[in-house]
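Asker:
There are 2 protein chains.
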Amino acid sequence: MKREIFIGPVGIGGSHPVSIQSMTKTPTVDVVATLKQIRGLDTAGCQIVRVAIPDRESLPAFRRIVARSPLPVVADVHFDAALAVEAIGAGAHGLRINPGNIGSPTKLKEILRLAKERSIPIRIGINAGSLAKKTRRLRLGPAERMVHSALEQIKFFEDQGFRDIKISLKSSDVNDTIAAYELIDQRCPYPLHLGVTESGTLLSGAIKSALGIGHLLRKGIGNTIRVSLAADPLQEVIVARHILQALDRNRAGIELVACPTCGRTSVDLLSRVRQFEDAVIGWRPRRRIKVAIMGCEVNGPGEAADADIGLAFSRRHGLIFRTGQLPERVEAKDAVARLVELVRALVDQS
Amino acid sequence: MKREIFIGPVGIGGSHPVSIQSMTKTPTVDVVATLKQIRGLDTAGCQIVRVAIPDRESLPAFRRIVARSPLPVVADVHFDAALAVEAIGAGAHGLRINPGNIGSPTKLKEILRLAKERSIPIRIGINAGSLAKKTRRLRLGPAERMVHSALEQIKFFEDQGFRDIKISLKSSDVNDTIAAYELIDQRCPYPLHLGVTESGTLLSGAIKSALGIGHLLRKGIGNTIRVSLAADPLQEVIVARHILQALDRNRAGIELVACPTCGRTSVDLLSRVRQFEDAVIGWRPRRRIKVAIMGCEVNGPGEAADADIGLAFSRRHGLIFRTGQLPERVEAKDAVARLVELVRALVDQS
Numbered sequence: 005m006k007r008e009i010f011i012g013p014v015g016i017g018g019s020h021p022v023s024i025q026s027m028t029k030t031p032t033v034d035v036v037a038t039l040k041q042i043r044g045l046d047t048a049g050c051q052i053v054r055v056a057i058p059d060r061e062s063l064p065a066f067r068r069i070v071a072r073s074p075l076p077v078v079a080d081v082h083f084d085a086a087l088a089v090e091a092i093g094a095g096a097h098g099l100r101i102n103p104g105n106i107g108s109p110t111k112l113k114e115i116l117r118l119a120k121e122r123s124i125p126i127r128i129g130i131n132a133g134s135l136a137k138k139t140r141r142l143r144l145g146p147a148e149r150m151v152h153s154a155l156e157q158i159k160f161f162e163d164q165g166f167r168d169i170k171i172s173l174k175s176s177d178v179n180d181t182i183a184a185y186e187l188i189d190q191r192c193p194y195p196l197h198l199g200v201t202e203s204g205t206l207l208s209g210a211i212k213s214a215l216g217i218g219h220l221l222r223k224g225i226g227n228t229i230r231v232s233l234a235a236d237p238l239q240e241v242i243v244a245r246h247i248l249q250a251l252d253r254n255r256a257g258i259e260l261v262a263c264p265t266c267g268r269t270s271v272d273l274l275s276r277v278r279q280f281e282d283a284v285i286g287w288r289p290r291r292r293i294k295v296a297i298m299g300c301e302v303n304g305p306g307e308a309a310d311a312d313i314g315l316a317f318s319r320r321h322g323l324i325f326r327t328g329q330l331p332e333r334v335e336a337k338d339a340v341a342r343l344v345e346l347v348r349a350l351v352d353q354s
Numbered sequence: 005m006k007r008e009i010f011i012g013p014v015g016i017g018g019s020h021p022v023s024i025q026s027m028t029k030t031p032t033v034d035v036v037a038t039l040k041q042i043r044g045l046d047t048a049g050c051q052i053v054r055v056a057i058p059d060r061e062s063l064p065a066f067r068r069i070v071a072r073s074p075l076p077v078v079a080d081v082h083f084d085a086a087l088a089v090e091a092i093g094a095g096a097h098g099l100r101i102n103p104g105n106i107g108s109p110t111k112l113k114e115i116l117r118l119a120k121e122r123s124i125p126i127r128i129g130i131n132a133g134s135l136a137k138k139t140r141r142l143r144l145g146p147a148e149r150m151v152h153s154a155l156e157q158i159k160f161f162e163d164q165g166f167r168d169i170k171i172s173l174k175s176s177d178v179n180d181t182i183a184a185y186e187l188i189d190q191r192c193p194y195p196l197h198l199g200v201t202e203s204g205t206l207l208s209g210a211i212k213s214a215l216g217i218g219h220l221l222r223k224g225i226g227n228t229i230r231v232s233l234a235a236d237p238l239q240e241v242i243v244a245r246h247i248l249q250a251l252d253r254n255r256a257g258i259e260l261v262a263c264p265t266c267g268r269t270s271v272d273l274l275s276r277v278r279q280f281e282d283a284v285i286g287w288r289p290r291r292r293i294k295v296a297i298m299g300c301e302v303n304g305p306g307e308a309a310d311a312d313i314g315l316a317f318s319r320r321h322g323l324i325f326r327t328g329q330l331p332e333r334v335e336a337k338d339a340v341a342r343l344v345e346l347v348r349a350l351v352d353q354s
């Protein structure tokens, strides 16, 4: 069990469930666009949002964003310790700094003093791409180098009596990321923020994130996650939800089982599956609802019967299966609409 | 080390690298469309293709497909053992049957006799959604039930002196899939064909496949993989390649590291990353080439310097880094075109 910290109302570590984070990609000075993006992230299931403060000009905007954000806001600051100090003053619920570039110990002490006074947790966000020069010179492997940098920084924080810490050790390499988190997990009591950094665009990034974050979560490592994609941040949240849902059978959400189709399939299943997905996008049931859409008689009836609601196609018809009810036969062309209707009812009851 | 089998020229098990499979989704009777799909799969990096034989009418088509396919072809047969026998006669390089539905032991013996005569390996393809009734009635967990079914079938095959076996135990649940493969891996010497079945559409399916297949491969389990998606089969191969590439630093291919962008980014990085991806789609270098496209000065120069070729943007310019060369400064608008040109040269030299 890791130490418990709070970013606004969201608990991380302790016995809190793994939370989902993302980061805004709008210019921070554009308050309207940034708040719009944050609201979208909130609706998609994001629980904590990070906002970059690249310069002084962004500070007043950051203050207004924090004041109106539906999600707790973490300030992301590099290079300039004074900005971090001001971000705390502007109401940030958390701070992320990178030991590789935040500047002198004196400045860092000032950040820690103020963060402690305001009970603001700080993430020590190590990144393989921006280690301090002296760390890059160490004769260590890439994972060990990140761990070394984190431990050094943790010691500095602890020496100042600062313990509301969260750690991340991100690399764009999945194996290095996994190795680094496995090492640090053994060596510190602080909650871990998982992520594979700069993992690529939607598809390749989702795959790298699932490989890295998924492996660690299955080993019981990790308290909060951020999928970082070169894509709309909404997609980061959707990918994070898919990862958590696939690993935890009890996590609320619509789980779709859909057959890949083959030369045996007699209906245009792919377009029907997409039709279903488009209809339910953003639906957030309070429990897990498993929906199966299957194209033929091989695994169709079996999977459909195992789901909360299943639809199995034969040549001209769809059979809709619901737990504890007789199968319902519908015309193939009406089957998805009927399925959507029944799933909506389940979501409303959940 | 698992027993070595061959599907046409492709070795599975032994010390062979993990191979990539997919399945055609065109109607098998449409020979032209099916062959076109197979050629596309081949170009994308698929090594073995499976084709369903849903009925007698598909047999002559299957024979013509096998004769002209650039990839070895596995026949997928359900319900009708006679079709399996005929598929072997039609030149299939491998056979996939599902013990849950293939019919009587007498018929299966005939399949095994013929497959042995022709040296055709058979995959025992267990699927959680189509277990035999008597297996479904066993008081076992979902993973144990699949393993029980596989072991029973393996024994039957061995009793007939048939050992050119490959095993798969697929479920649409990631945890069940992992548990089943971990169990069977301990208990049989045959190569394993990994996959999470009916895993959903492109994104959710890629994530579930990365979680399941990735976890097993990292543990050294698995000899060949099939990503099954409710999507174009080309995407199955692309996802499979991403999984293998992310886990194995030595696997040939273009690895793209791209920053997720944030409020700090001053160029439209996402569209530039997509422009790069579109330009290199289908390029297959003979070694691994790591390309980084980064949006700012935080991790940009570090990641870019670590790549074979890196491009880091500042406000108006791009800096292109190449191993052992001075950085090259280009106008931001020309940067991607120049990057593509340099990567092409590396691919040609590889």
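The listed protein sequences correspond, in order, to chains A and B.
For the first sequence, the positions run 5 to 354 when my numbering is used.
For the second sequence, the positions run 5 to 354 when my numbering is used.
Every residue gets a Cβ at the ideal spot worked out from N, C-alpha and C, and that includes glycine.
My understanding is that Arg291(A) touches Ala256(A), with C-beta atoms under 8 Å, so please give their C-beta distance in whole angstroms.
Answerer: Residue mapping note: residue 291(A) aligns to position 287 of the first sequence, counting from 1. Residue mapping note: residue 256(A) aligns to position 252 of the first sequence, counting from 1. Contact holds; Cβ gap of about 5 Å.
Asker: For chain A, find out if any of its Cβ atoms is closer than 8 Å to the Cβ of Thr30(B); answer yes or no.
Answerer: Along the second sequence, read from residue 1 onward, the residue named residue 30(B) stands at position 26. Chain A, which has a Cβ nearer than 8 Å to the Cβ of Thr30(B), makes this yes.
Asker: Around the C-beta of Leu330(A), are 16 or more other C-beta atoms found within 10 angstroms, so that it is buried, or is it exposed?
Answerer: As a working note, residue 330(A) is residue 326 in the first sequence. Exposed.
Asker: Entirely within the segment 120 to 157 of chain A and at least 4 residues each: give me those alpha helix (DSSP H) ranges in chain order.
Answerer: Annotation: the segment 120 to 157 of chain A contains the following complete segments of the alpha helix (DSSP H) (minimum length 4 residues), in chain order: 137 to 140.
Asker: Assuming Ala339(B) contacts Leu273(A) (C-beta within less than 8 Å), just tell me the rounded distance between them.
Answerer: If you number the second sequence from 1, residue 339(B) lands on position 335. If you number the first sequence from 1, residue 273(A) lands on position 269. About 42 Å separates the two Cβ atoms, so there is no contact after all.
Asker: Check whether the Cβ atoms of Tyr185(A) and Leu144(A) lie closer than 8 Å to each other.
Answerer: By 1-based counting over the first sequence, the position of residue 185(A) is 181. By 1-based counting over the first sequence, the position of residue 144(A) is 140. Against a cut-off of 8 Å, the Cβ pair of Leu144(A) and Tyr185(A) comes out as no contact.
Asker: If you pair each beta-carbon of the segment 150 to 162 of chain A with each one of the segment 243 to 259 of chain B, do three or more pairs fall below 8 Å?
Answerer: no
Asker: Is there a C-beta anywhere in chain B that falls below 8 Å from the one on Met150(A)?
Answerer: Your numbering for residue 150(A) matches position 146 in the first sequence. Not closer than 8 Å to any Cβ of chain B, the Cβ of Met150(A) fails to qualify, so no.
Asker: Using DSSP with H/G/I as helix, E/B as strand and the rest coil, what is Val178(B)?
Answerer: As a first step, residue 178(B) must be located in the second sequence, where it is residue number 174. It is helical.
Asker: Quick check on Asn303(A) - is its C-beta less than 8 Å from some C-beta in chain B?
Answerer: Working through the first sequence from its first residue, we reach residue 303(A) at position 299. Yes, Asn303(A) counts as interfacial toward chain B.
Asker: Expressed to the nearest angstrom, what Euclidean distance is found between the alpha-carbon atoms of Asn131(A) and Gly12(A)?
Answerer: Taking the first residue of the first sequence as position 1, residue 131(A) is located at position 127. Taking the first residue of the first sequence as position 1, residue 12(A) is located at position 8. Going by the C-alpha atoms only, they are around 25 Å apart.
Asker: CA-CA distance, Val295(A) and Asp310(A)?
Answerer: As a working mapping, residue 295(A) is identified with position 291 in the first sequence. As a working mapping, residue 310(A) is identified with position 306 in the first sequence. The alpha-carbon atoms of Val295(A) and Asp310(A) are separated by roughly 9 Å.
Asker: Would DSSP call Glu162(A) helix, strand or coil?
Answerer: Taking the first sequence and counting its residues from 1, one reaches residue 162(A) at position 158. In the three-state DSSP reduction, Glu162(A) falls in the helix class (H, G or I).
Asker: Could you tell me if Ser19(B) is buried or exposed, where buried requires 16 or more neighbouring beta carbons within 10 angstroms of its beta carbon?
Answerer: In the second sequence, residue 19(B) corresponds to position 15, counting from 1. Ser19(B) comes out exposed.
Asker: When DSSP labels each residue in this structure, what does Thr228(B) get in the three-state scheme?
Answerer: As a position in the second sequence, residue 228(B) is number 224, starting the count at 1. The answer is strand: DSSP assigns Thr228(B) an E or B state.
Asker: Tell me where the beta strand (DSSP E) around Ala234(A) begins and ends.
Answerer: Against the first sequence, residue 234(A) aligns to sequence position 230. Secondary structure note for Ala234(A): it is in no beta strand (DSSP E), with a DSSP letter that is neither H nor E.
Asker: The alpha helix (DSSP H) with Arg276(A) in it runs from where to where?
Answerer: Stepping through the first sequence from its first residue, residue 276(A) is reached at position 272. Looking at the DSSP string, the run of the alpha helix (DSSP H) that includes Arg276(A) is 273 to 284.
Asker: Are Gly314(A) and Ala308(A) close, meaning C-beta to C-beta below 8 Å?
Answerer: Numbered from its first residue, the first sequence carries residue 314(A) at position 310. Numbered from its first residue, the first sequence carries residue 308(A) at position 304. Yes.
Asker: Identify the residues that DSSP records as bridge partners of Glu332(B): which are they?
Answerer: As a working note, residue 332(B) is residue 328 in the second sequence. Partner(s): Ile324(B).
Asker: Beta carbon of Ala79(B), beta carbon of Lys212(A): below 8 Å?
Answerer: On the second sequence, position 75 is the one that residue 79(B) refers to. On the first sequence, position 208 is the one that residue 212(A) refers to. No, they are not a contact pair.
Asker: Nearest by alpha-carbon distance to Leu173(A): which of Ala349(A), Leu260(A), Val22(A), Ala147(A) is it?
Answerer: Numbered from 1 along the first sequence, position 169 holds the residue referred to as residue 173(A). It is Ala147(A).
Asker: Let's see if you can read the secondary structure: which residues bound the beta strand (DSSP E) around Phe66(B)?
Answerer: Within the second sequence, the letter at position 62 stands for residue 66(B). Where Phe66(B) is concerned, there is no enclosing beta strand (DSSP E), although the alpha helix (DSSP H) it sits in stretches over 62 to 72.
Asker: When you compare each of Pro195(A), Val178(A), Ser108(A), Ile42(A) to Asp252(B) by their alpha carbons, which one comes out closest?
Answerer: Against the second sequence, residue 252(B) aligns to sequence position 248. If we check each option's Cα against that of Asp252(B), Val178(A) comes out closest.
Asker: The alpha helix (DSSP H) spanning Asp312(A) covers which residue range?
Answerer: Position 308 of the first sequence, counted from the start, is the residue given in the question as residue 312(A). Counting along the chain, Asp312(A) falls outside any alpha helix (DSSP H), and DSSP gives it neither H nor E.
Asker: Between the segment 202 to 215 of chain B and chain A, which residues of the former have a C-beta closer than 9 Å to a C-beta of the latter?
Answerer: Glu202, Ser203, Gly204, Thr205, Leu206, Leu207, Ser208, Gly209, Ala210, Ile211, Lys212, Ser213, Ala214, Leu215
Asker: Measuring only the C-alpha atoms, how far is Asn227(A) from Val241(A)?
Answerer: Counted from its first residue, the first sequence places residue 227(A) at position 223. Counted from its first residue, the first sequence places residue 241(A) at position 237. For Asn227(A) and Val241(A), the distance between alpha carbons rounds to 16 Å.
Asker: Using a Cβ-Cβ distance cut-off of 8 Å, determine whether Asn131(A) contacts chain B.
Answerer: Taking the first residue of the first sequence as position 1, residue 131(A) is located at position 127. Answer yes: the Cβ-Cβ gap between Asn131(A) and chain B drops below 8 Å somewhere.
Asker: Report the three-state DSSP secondary structure of Gly257(A) (helix, strand or coil).
Answerer: Walking along the first sequence from the start, residue 257(A) turns up at place 253. Gly257(A): strand per DSSP, three-state reduction.
Asker: Could you tell me which of Arg230(A), Phe280(A), Arg68(A) sits nearest to Gly204(B), measuring between CA atoms?
Answerer: Position 200 of the second sequence, counted from the first residue, corresponds to residue 204(B). Among Arg230(A), Phe280(A), Arg68(A), the Cα nearest to that of Gly204(B) belongs to Phe280(A).
Asker: Please report how far the alpha carbon of Val344(B) lies from the alpha carbon of Asp236(A), in whole angstroms.
Answerer: By one-based count along the second sequence, residue 344(B) stands at place 340. By one-based count along the first sequence, residue 236(A) stands at place 232. Their Cα atoms are separated by approximately 24 Å.
Asker: Can you tell me whether Glu335(A) is buried or exposed, with buried defined as 16 or more other CB within 10 angstroms of its CB?
Answerer: Working through the first sequence from its first residue, we reach residue 335(A) at position 331. Glu335(A) is exposed by the Cβ-count criterion.
Asker: Give the range of the alpha helix (DSSP H) segment to which Leu207(B) is assigned.
Answerer: One-based indexing of the second sequence puts residue 207(B) at position 203. Element bounds for Leu207(B): 206 to 222.
Asker: What would DSSP say about Arg34(A), mapped onto helix, strand or coil?
Answerer: Translated into the one-based positions of the first sequence, residue 34(A) becomes position 30. One point to set straight first is that residue 34(A) is Asp, not Arg, in the sequence displayed. Three-state result, Asp34(A): coil.
Asker: What does Thr265(A) touch in chain B if you count any residue whose Cβ is under 7 Å from its own?
Answerer: By 1-based counting over the first sequence, the position of residue 265(A) is 261. Those within 7 Å of Thr265(A) in chain B are Lys29, Ala234.
Asker: Measure the alpha-carbon distance for Gly216(B) versus Val261(A) and round it to whole angstroms.
Answerer: Residue numbering aside, residue 216(B) sits at position 212 when the second sequence is read from its first letter. Residue numbering aside, residue 261(A) sits at position 257 when the first sequence is read from its first letter. Near 15 Å, if we compare the C-alpha coordinates of Val261(A) and Gly216(B).
Asker: Indicate whether Val81(B) and Ala88(B) have their beta-carbon atoms separated by less than 8 Å.
Answerer: Taking the first residue of the second sequence as position 1, residue 81(B) is located at position 77. Taking the first residue of the second sequence as position 1, residue 88(B) is located at position 84. It is a contact, given that the beta carbons lie within the stated cut-off.
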